[in-house]
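**Q** For this note's numbering, count along the sequence shown from 1 and bump the result up by 163. Before we start, here is the structure in question, set down as structure tokens.
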Amino acid sequence: MLVLRILLVVVLIAGAGHAIAPAGAQEAATPAVAPADSLSYSNKWRLEVSEGANNEGVMRFRVTPKGETPIDVEVRLKNGRGEDGCARDIRDAFKSALDKKLYKIELDDGEDVLVKKRKGDGFAIELVESTVKGTRVHIDRE
Numbered sequence: 164m165l166v167l168r169i170l171l172v173v174v175l176i177a178g179a180g181h182a183i184a185p186a187g188a189q190e191a192a193t194p195a196v197a198p199a200d201s202l203s204y205s206n207k208w209r210l211e212v213s214e215g216a217n218n219e220g221v222m223r224f225r226v227t228p229k230g231e232t233p234i235d236v237e238v239r240l241k242n243g244r245g246e247d248g249c250a251r252d253i254r255d256a257f258k259s260a261l262d263k264k265l266y267k268i269e270l271d272d273g274e275d276v277l278v279k280k281r282k283g284d285g286f287a288i289e290l291v292e293s294t295v296k297g298t299r300v301h302i303d304r305e
């Protein structure tokens with residue numbers, strides 16, 4: 164378990180921080196947060212949700228608009244919540260946390276969450292913490 168956590172931190176520091184480690188490595192893992200100058204920016208991101216939640220837990224995402232203050236988005240997931248339900252919970256948390264005039268958040272294919280910026284510079288999205296077992300989120304630039 165310790166080896167997986169160390170590997171996860173090394174991968175994140177190396178700049179590949181858009182994927183979450185396998186379910187077993189997520190246990191109370193808190194990956195290092197990348198400095199603002201090493202973030203990848205885009206106007207559209209896809210959060211691909213895989214598998215349901217095997218425990219009650221929290222996922223904390225960080226949205227960093229280019230040149231602006233980061234916004235933390237906390238998602239609480241219940242034990243037994245399916246893949247599509249987890250995606251809906253993530254979508255709803257992003258909708259609550261982000262300005263509706265600047266961001267459009269929607270589901271795609273049931274298990275993917277699309278986050279788009281309507282105007283202005285791009286933004287970065289990171290999963291900075293997760294205590295949820297089973298559910299994985301892969302973040303892709305669109």
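Note that CB positions come from ideal geometry on N, CA and C, so glycine has one too.
Does the region 235 to 242 come close enough to the region 263 to 282 to have 3 or more Cβ pairs within less than 8 Å?
**A** no
**Q** How long is the line joining the alpha carbons of residue 293 and residue 300, rounded to whole angstroms?
**A** The residue you call residue 293 lines up with position 130 of the sequence shown. The residue you call residue 300 lines up with position 137 of the sequence shown. Taking the straight line from one Cα to the other gives about 10 Å.
**Q** Take residue 248 as the anchor and find which of 217, 204, 284 and 287 has the nearest alpha-carbon.
**A** Along the sequence shown, read from residue 1 onward, the residue named residue 248 stands at position 85. Checked all of 217, 204, 284 and 287; the closest Cα to residue 248 is 217.
**Q** Take the Cβ of residue 281 as the centre, count every other Cβ of all protein chains shown within 10 Å, and call the residue buried at 16 or more, exposed below.
**A** As a working mapping, residue 281 is identified with position 118 in the sequence shown. The residue in question, residue 281, is exposed, as its Cβ has fewer than 16 Cβ neighbours within 10 Å.
**Q** Please report the Cβ distance between residue 303 and residue 228, rounded to the nearest whole angstrom; I am assuming they are in contact, meaning their Cβ atoms lie under 8 Å.
**A** In the sequence shown, the residue the question calls residue 303 occupies position 140. In the sequence shown, the residue the question calls residue 228 occupies position 65. Contact doesn't hold; Cβ gap of about 19 Å is too wide.
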